[in-house]
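The number in the numbering used here is simply the position in the sequence shown, starting from 1, with 101 added.
The beta carbon of each residue, even a glycine, is placed where N, CA and C say it ideally should be.
So the structure is just underneath, and the comments pick up after that.
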Amino acid sequence: MGWLFLASVLQGQDIHFSQFYNAPLSINPGLTGIFGGDVRLAATYRNQWSAASVPFVTYHLSVDGKIFNPRNEKGFFSWGLTLFHDEAGDISLTNSQVNGSFSYTLQLDPQNYLTLGLLAGLAYNRLGTNGTTTDQQYVDGRFVPTAATGEQFSNDDLLYPDFGVGLNWHGQLPGKRSRLNVGAGLFHLNRPDQNFMA
Numbered sequence: 102m103g104w105l106f107l108a109s110v111l112q113g114q115d116i117h118f119s120q121f122y123n124a125p126l127s128i129n130p131g132l133t134g135i136f137g138g139d140v141r142l143a144a145t146y147r148n149q150w151s152a153a154s155v156p157f158v159t160y161h162l163s164v165d166g167k168i169f170n171p172r173n174e175k176g177f178f179s180w181g182l183t184l185f186h187d188e189a190g191d192i193s194l195t196n197s198q199v200n201g202s203f204s205y206t207l208q209l210d211p212q213n214y215l216t217l218g219l220l221a222g223l224a225y226n227r228l229g230t231n232g233t234t235t236d237q238q239y240v241d242g243r244f245v246p247t248a249a250t251g252e253q254f255s256n257d258d259l260l261y262p263d264f265g266v267g268l269n270w271h272g273q274l275p276g277k278r279s280r281l282n283v284g285a286g287l288f289h290l291n292r293p294d295q296n297f298m299a
């Protein structure tokens, strides 16, 4: 039972949406420029757990487009820009990020495309420590809001670069409306330090 109290590495998750296909650049940088058209704009809003005292709110906006290249008939370059802001809970744990993506799509044949995408961004995390309560603030079984929290926060804001890569295969049968995308995206390749504690 003592192993429950040992410190260890924690894993978290990035923003995510039920309708994930409406935020393709947040899933895989390899999806940059993979759509029918020249420019795509996507906006998503999520208000989760509204029964809680402070719901979790996420805003997401992305735009991406193809770069016209009349000389290259076997592939094309694309660009993308993603902005998101996520705010969670009473302590206003926020994560805001601006990402730029760039991809190259190679046409394997008229129905199959392979895309390699790269992502670079800047992230800002903030922890609102004013709303925190800890066990140190309970004195003789009563909550004392003026008592020290006993936590040593070295800072309550973090600014760091972030990088990612993605690969995607896109296939579509001739004359059919069905499309298939299979790929993988790797985010936080530089493993940024997101530690608020001293």
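Using only the alpha-carbon positions, how far apart do residue i and residue j sit?
| i | j | result |
| --- | --- | --- |
| LEU182 | THR145 | 14 Å |
| LEU184 | GLY251 | 35 Å |
| GLY286 | TYR122 | 14 Å |
| ALA152 | ASN231 | 22 Å |
| LEU142 | GLY229 | 32 Å |
| ASN148 | LYS175 | 42 Å |
| TYR261 | LEU290 | 12 Å |
| VAL164 | HIS186 | 16 Å |
| PRO246 | HIS161 | 35 Å |
| GLN237 | TRP150 | 28 Å |
Going by DSSP in three states, residue i sits in which element: helix, strand or coil?
| i | result |
| --- | --- |
| ASP210 | strand |
| PRO262 | strand |
| SER127 | helix |
| ASP236 | helix |
| LEU142 | strand |
| LEU132 | helix |
Compute the beta-carbon to beta-carbon distance between residue i and residue j, rounded to the nearest angstrom, for a pair I have assumed lies under 8 Å.
| i | j | result |
| --- | --- | --- |
| ASN226 | ASN200 | Going by Cβ atoms, the distance from ASN226 to ASN200 rounds to 15 Å, so no, they are not a contact pair. |
| PRO130 | SER193 | Their Cβ separation, rounded to whole angstroms, is 29 Å, which puts PRO130 and SER193 out of contact at 8 Å. |
| HIS271 | THR216 | 7 Å |
| GLY267 | GLY222 | Not really, about 13 Å apart at Cβ, beyond 8 Å. |
| SER208 | LEU274 | Note on residue identity: the sequence assigns Gln, not Ser, to residue 208. About 15 Å separates the two Cβ atoms, so there is no contact after all. |
| GLY190 | VAL155 | 6 Å |
| LEU263 | PRO293 | In the sequence as presented, Leu is not what sits at residue 263; that position holds Asp. The pair is a contact, with the Cβ atoms about 6 Å apart (cut-off 8 Å). |
Counting only the same chain and skipping the five closest in sequence on each side, list residues whose C-beta sits under 7 Å from that of residue i.
| i | result |
| --- | --- |
| GLN295 | ASN226, LEU259 |
| ILE128 | PHE121, GLY286 |
Based on DSSP bridge pairs, tell me the residues matched to residue i.
| i | result |
| --- | --- |
| LEU290 | Note: LEU290 sits in no beta bridge, so no partner. |
| PHE203 | TRP180, LEU219 |
| GLU188 | VAL158, THR195 |
| ALA152 | DSSP, once it has assigned bridges, lists no residue as partnering ALA152. |
| ASN282 | HIS271 |
| ASN226 | ASN196, LEU259 |
| PHE244 | TYR239 |
| GLY166 | VAL140, TRP180 |
Given residue i, which residues of its chain have a CB within under 6 Å of its CB, disregarding the five upstream and five downstream residues?
| i | result |
| --- | --- |
| VAL140 | GLY166 |
| PHE178 | ILE168, TYR205 |
| TYR214 | THR206, GLN208, HIS271 |
Shorter than 6 Å, the distance from the beta carbon of residue i to the closest heavy atom of the ligand SAH, or not?
| i | result |
| --- | --- |
| ARG227 | As presented, the structure is devoid of all ligands, the ligand SAH included, so that no description of it is given. |
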